[in-house]
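Accompanying notes for the structure given below.
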Amino acid sequence: MSVDLARRHALTINVDITFPSVPCAVLSIDVLDISGTAENDASFAHHMHVHKMRLDKDGKQIGKAEYHTPQSQQIMDTGGEQLVSVNIQEAMQHLVDMEDEADHHEGCHVYGTMDVKRVAGRLHMSVHQNMVFQMLPQLLGTHHIPKVLNMSHVIKHLGFGPFFPGQYNPLDGYVRVVGKEPYNYKYFLKVVPTEFYSRLGKVTETHQYSVTEYAQPLQRGYAPALDVHYDLSPIVMTINEKPPSLLHFAVRICAVVGGAFAITRWADRWVDWLVRMATKPAPPAQPR
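Offset between the sequence shown (1-based) and this note's numbering: plus 68.
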């Protein structure tokens, strides 16, 4: 381990999460960080390569085509301020999709990658994609915004950077099922830069992480969400797959042989003592 002094590239987040009770049209995916950067899957985000596959109420994939979120929003930076431009036609199509998928009790399988800045940030997956219609209620007309509260999820994979042999991601295979009361789920990750050296000398720059989970009952008036808060460690971990040197191997062999010899001598002494105790003649009886 050592202090991370390298100027590394963007951080890649790999996700593969299933939401059995949240339709793809309702599910919003946002990435926010402490530098002020904010992107979501409905705002022409260039650094989000995320795919959504619709699931029926039994969890089976509907067709082979992925769901493309209507690009109803465009975030424009005007001298330090961010303005949101709304495409009315795309917003209305999005609303129709939301109603149709919610009425059929659909779910969503989300997978892909996101390239983010190497600063503390948050991956926010929620149902607040309806904010466009909250800002412009006159768009609703006879339509309604589906109310989805069940954020049950299966995290098939959540990692940072490329894979390396022996890598362990604590959240892989994690399952959370909402009961009667809706919950918000928060995961706090400490991401550790890692350099993996293979036996062939190839260097893989990747990351490992530790995690702390926090589940909170949903407060009235708030939308359910799954939040992944991540922060990078200033320490870099080095993993070397190269085999040990001949001298190191010889030392380990000597240690094993020495340990086995010591245990054998200890066992021999105990066995000898037990044999002598078992064969020791009884003392002669004392005359009365």
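Quick reminder that beta carbons are idealized off the backbone N, C-alpha and C, glycines included.
With a 10 Å radius around its C-beta and 16 neighbouring C-beta atoms as the bar for buried, classify residue i as buried or exposed.
i    : result
Q287 : exposed
K132 : exposed
D98  : buried
R344 : exposed
L226 : buried
Q206 : With a pLDDT of 49 at Q206, under the threshold of 50, the modelled position of that residue is not reliable, and the figure given next carries that caveat. Exposed, since its Cβ has fewer than 16 Cβ neighbours within 10 Å.
D336 : exposed
S313 : exposed
E107 : buried
R122 : buried
D340 : exposed
H221 : buried
T274 : buried
D165 : buried
L315 : exposed
E249 : exposed
I331 : exposed
D124 : exposed
L268 : exposed
G229 : buried
W338 : exposed
Under three-state DSSP, which class holds residue i?
i    : result
A133 : coil
A328 : helix
C92  : coil
D84  : strand
I321 : helix
A291 : coil
T181 : strand
E174 : coil
V339 : helix
H77  : coil
S111 : For S111, the predicted model reports a pLDDT of 49, less than 50, meaning its position is unreliable and no value from the coordinates is stated.
A188 : coil
M345 : helix
Q206 : Because the pLDDT of Q206 is 49, which lies under 50, any placement of that residue in the model is unreliable, and the number read from its coordinates should be weighed accordingly. Q206: helix per DSSP, three-state reduction.
Is the beta carbon of residue i less than 9 Å from the beta carbon of residue j?
i    : j    : result
E309 : P233 : yes
S89  : M219 : yes
V195 : P302 : no
T306 : Y277 : no
D295 : R186 : no
Rank the options by C-alpha distance to the C-alpha of residue i and give the top, closest one.
i    : options               : result
K120 : I85, T105, E107       : I85
Y236 : K254, T262, D165      : T262
T137 : D126, E169, S301      : E169
H115 : A78, F87, D126, M182  : M182
F231 : E134, T272, Y255      : T272
A81  : D299, K254, T332      : Sequence check: residue 81 is Ile here, not Ala. I81 has its Cα closest to that of D299, out of D299, K254, T332.
G247 : L217, G229, Y255      : L217
K128 : F87, I102, T105, S103 : F87
I102 : K254, F329, H297      : H297
Y253 : V260, V245, V325      : V245
D126 : E174, K258, D240      : E174
Y251 : V279, G289, D240      : G289
H117 : H77, V184, D171       : V184
Report yes if the C-beta of residue i is less than 8 Å from at least one heavy atom of the ligand SAH; otherwise report no.
i    : result
G127 : This structure simply doesn't include the ligand SAH, nor any ligand for that matter.
State whether the stretch 318-334 contacts the stretch 279-293, with contact taken as three or more CB pairs (one from each stretch) at a distance under 8 Å.
No: the two stretches stay apart, fewer than three of their Cβ pairs being nearer than 8 Å.
Taking one C-beta from the stretch 88-105 and one from the stretch 168-178 each time, how about it: are there three or more such pairs within less than 8 Å?
Verdict: yes, contact present.
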